[in-house]
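Below: one structure, written as structure tokens.
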Amino acid sequence: MRHNPASGAIVIMLRQLKMHGMAHAVGDLTEQGSPAFEAAIPILSQLLKAETAEREVRSTAYQLKSARFPAYRDLNGFDFASSEINEALVQQLHRCDFLDNANNIVLVGGPGTGKTHIATAIGVQAI
266 MRHNPASGAI VIMLRQLKMH GMAHAVGDLT EQGSPAFEAA IPILSQLLKA ETAEREVRST
326 AYQLKSARFP AYRDLNGFDF ASSEINEALV QQLHRCDFLD NANNIVLVGG PGTGKTHIAT
386 AIGVQAI
């Protein structure tokens with residue numbers, strides 16, 4: 266029985282992608298020491314990395330669409346100089362540490378103060 270660290274990484278990626286049958290087959294091929302499989306490991310690894318990246322992109326796009334934000338906003342587009350908003354507090358909220366403790370945030374202010382912009386930027390960051 267031969268163990269190749271690259272094939273172990275492939276098994277892990279396959280399980281993360283919920284391809285359990287293929288993960289089991291990779292284990293069998295590794296035990297057999299198939300030279301064709303050994304040659305295919307780098308290509309298979311690249312394909313699985315590409316699939317993982319594509320799924321992450323699709324997941325993020327789906328989550329942004331499901332959130333139904335009025336428009337894409339981030340903090341780079343917010344002018345703190347012309348607002349009374351506490352920039353340090355907003356930057357702290359933007360790190361999304363409040364999610365770890367399942368805390369809520371409430372933005373209060375008059376019209377045109379940037380509540381929607383800040384809320385959307387924090388929501389986008391959380392996704």
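Take the working numbering: the last position of the sequence shown gets the number 392, and nothing is skipped along the way. For every residue, glycine included, the Cβ atom is placed at its ideal position computed from N, Cα and C.
Please classify residue i: is it buried, with 16 or more other beta-carbons within 10 angstroms of its beta-carbon, or exposed?
i: L313; result: buried
i: V222; result: Residue numbering for the chain in the displayed model covers 266 to 392; residue 222 lies beyond these limits and cannot be assessed.
i: I370; result: exposed
i: G237; result: In the structure as shown, the chain begins at 266 and stops at 392. Residue 237 is therefore absent and cannot be evaluated.
i: P307; result: exposed
i: G286; result: exposed
i: T325; result: exposed
i: G379; result: buried
i: V373; result: exposed
i: S272; result: buried
Closest to residue i by CA distance: which of the options is it?
i: R320; options: T381, M278, E349 and D339; result: M278
i: T317; options: F302, M284 and P270; result: M284
i: P335; options: A353, G273, G374 and A386; result: A386
i: A367; options: G375, L358, G374 and V373; result: L358
Flag this pair as yes or no: are the beta carbons of residue i and residue j separated by less than 9 Å?
i: Q383; j: V355; result: One detail in the question is off: residue 383 reads as Ile in this sequence, not Gln. Cβ distance < 9 Å, so I383 and V355 count as in contact.
i: T381; j: R333; result: no
i: R280; j: A290; result: no
i: Q328; j: R360; result: no
i: S299; j: A274; result: no
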